[in-house]
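See structure below.
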Amino acid sequence: MLAIEVGPVDVAHTRYAISPLGEAMNALRVAAGKQPAGPLRPWAERIAPRYARLLRETPAVAALTTLFRRGGYNADFIHPPPSSPGDDFAVELAAVRATPLRQVRVEIARNLVGLRTPPRHVQQILAAPDVLTRLSDAIEATWHALVEPDWPRLRTVLERDLVHRAGHLAMYGWAAALSDLDPRVGWRSEGADGVIEVRTGPRNEWERHRLGGKGLLLMPTVFGTLISYVEPPWPYALVYPARGVVNLLGPPPPQGGAAALARLVGPHRAQVLRALAVPATTTQLVRQLGLSLGAVGGHLAVLRESGLVTRTRTGRSVRYERTPLGGTLAGD
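Remember, our numbering sits 4 above the position in the sequence shown when you count from 1.
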């Protein structure tokens with residue numbers, strides 16, 4: 005159980021980031037059956053042949069999946085928090101490749117404590133002099149096979165979650181920002197300060213940490229579950245399930261009255277209106293729906309003129325969201 009003490013300065017220093025490498029590792033967990041697929045089962049079934057080919061062509065992938073565990077320590081060097089908010093897989097992979105070999109050995113040994121003895125071929129990879137190179141190459145192969153082909157849509161889900169989370173923290177504070185982060189995460193106010201409580205297991209004792217003005221790094225994930233970073237040299241960070249994952253493979257599934265809505269405003273316009281269950285930019289809608297930029301822009305213009313959506317400019321971005329009338333028509 006973690007108790008992370010938060011002060012007033014930590015709100016200003018809290019950062020948000022998207023980690024392509026983290027998504028590759030989390031996708032591998034789902035593909036390997038190390039984590040339930042849940043609403044991503046259609047994705048897992050679709051990429052199953054890719055995963056089987058990945059295992060055949062890159063044996064070190066099996067070593068990576070051996071290190072995955074739930075409710076215990078996982079080696080940090082294969083899934084480090086990003087050093088910048090950008091989503092550059094090459095930069096993240098370079099950081100993994102630069103990990104000191106001594107650290108790699110220590111983390112692998114700690115990771116394996118309590119696990120069943122791995123198969124001999126996995127033991128040989130994990131004990132090899134070039135283990136870091138092999139595992140790094142496996143991470144790169146995983147990215148190209150499982151995540152990169154779907155990255156535009158994946159990134160859209162993550163970006164939309166970040167905008168939602170950052171807005172709630174800035175406007176309403178920690179309680180609002182953490183309210184739907186994960187059932188295992190809670191907030192306890194203590195005057196001007198507060199405590200983020202993270203239930204990491206069945207233990208009753210609390211492990212206390214203090215942000216001390218450094219802020220928290222928050223990273224949404226499409227595939228993953230709750231992950232906490234509280235050990236040096238990493239920044240304090242929480243990886244949490246992103247909102248809108250069920251919409252990953254396209255627009256939200258039609259609800260009752262969807263056919264009537266399509267007859268009223270047209271099928272593609274109805275798709276756009278339903279997709280705005282979470283505010284989005286035009287580009288994000290293009291990625292999600294697979295429509296052209298011109299088509300999405302035209303549909304948004306008509307919906308806005310009809311009082312069904314509004315738009316808000318933030319810096320260089322323009323976000324669209326449904327009005328109460330638009331939400332009613334969409335079936336919410």
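For glycine and all other residues, C-beta sits at the position ideal for the given N, C-alpha and C. Bear in mind that the values here come from a model prediction, so they are computed numbers and not experimental data.
Cβ contact (3+ pairs, closer than 8 Å) linking the segment 62–73 and the segment 260–275: Output reads no: the segment 260–275 does not touch the segment 62–73.
First through last residue of the alpha helix (DSSP H) which encompasses Ser140: Val135 to Thr146
Buried/exposed call for Thr225, threshold 16 Cβ in 10 Å: buried
Gly254 classed as buried or exposed, judged by whether at least 16 other C-beta atoms fall within 10 angstroms: In this predicted model, Gly254 has a pLDDT of only 49, less than 50, meaning its place in the structure is not dependable; the value taken from the coordinates is given anyway. It counts as exposed.
Other residues of its chain near Asp165: CB distance less than 7 Å, five sequence neighbours each side excluded: Pro224, Ala246, Arg247 and Gly248
Delimiting residues of the beta strand (DSSP E) encompassing Tyr233: Ile231 to Tyr233
Paired residues, beta bridge with His172 - DSSP: For His172, which the question treats as bridged, DSSP gives no partner whatsoever.
Residue(s) in a DSSP beta bridge with Leu222: DSSP lists Tyr20 and Leu242 as partners of Leu222.
Own chain partners of Val13 with C-beta closer than 6 Å, once the 5 adjacent residues on each side are dropped: Gly217
Beta-carbon contacts of Tyr55 that lie in its chain and below 6 Å, excluding the five residues immediately before and after: Ala35
Local conformation of Glu61 per DSSP, three classes: helix
Burial state of Trp238 (16 or more Cβ within 10 Å): Around the beta carbon of Trp238, fewer than 16 other beta carbons lie within 10 angstroms, which makes this residue exposed.
Expected contact under 8 Å - CB spacing of Thr327 and Thr314 to nearest Å: 6 Å
With 16 other Cβ atoms within 10 Å as the buried cut-off, status of Val161: buried
8 Å CB neighbourhood of Pro256 in its chain, flanking five on each side removed: Low confidence applies here, because Pro256 scores a pLDDT of 48, under 50, leaving its location unreliable; read the following figure in that light. Only Val250, Arg278, Ala279 and Ala281 meet the Cβ criterion.
Outcome for Pro84 when other beta-carbon atoms lying within 10 angstroms are tallied against a minimum of 16: buried
6 Å CB neighbourhood of Thr62 in its chain, flanking five on each side removed: Once the five neighbours on either side are set aside, the close Cβ partners of Thr62 are Ala142 and Ala145.
Contact the segment 90–107 vs the segment 17–33: 3+ CB pairs below 8 Å: yes
Candidates Ala21, Tyr20, Asn30 and Arg60, of which the one nearest Leu230 by Cα: Ranking Ala21, Tyr20, Asn30 and Arg60 by Cα distance to Leu230 puts Asn30 first.
Residue burial classification, Glu163 (beta-carbon count within 10 angstroms, cutoff 16): buried
Gly190, enclosing beta strand (DSSP E) - first and last residue: Looking at the DSSP string, the run of the beta strand (DSSP E) that includes Gly190 is Val189 to Glu194.
Contact belief for Val300 with Leu289 at Cβ below 8 Å, rounded distance in angstroms: 5 Å
CB contact flag (Glu111, Ala79, <8 Å): yes
Residues near Ala181 by beta carbon distance below 7 Å, same chain, minus five either side: Around Ala181: Arg169, His172 and Leu173.
Where Gly198 falls: helix, strand or coil (DSSP): strand
For Arg315, the residue or residues it bridges with in DSSP: The partner list for Arg315 (beta bridge, DSSP) reads Tyr324.
Leu6, enclosing beta strand (DSSP E) - first and last residue: Leu6 to Val10
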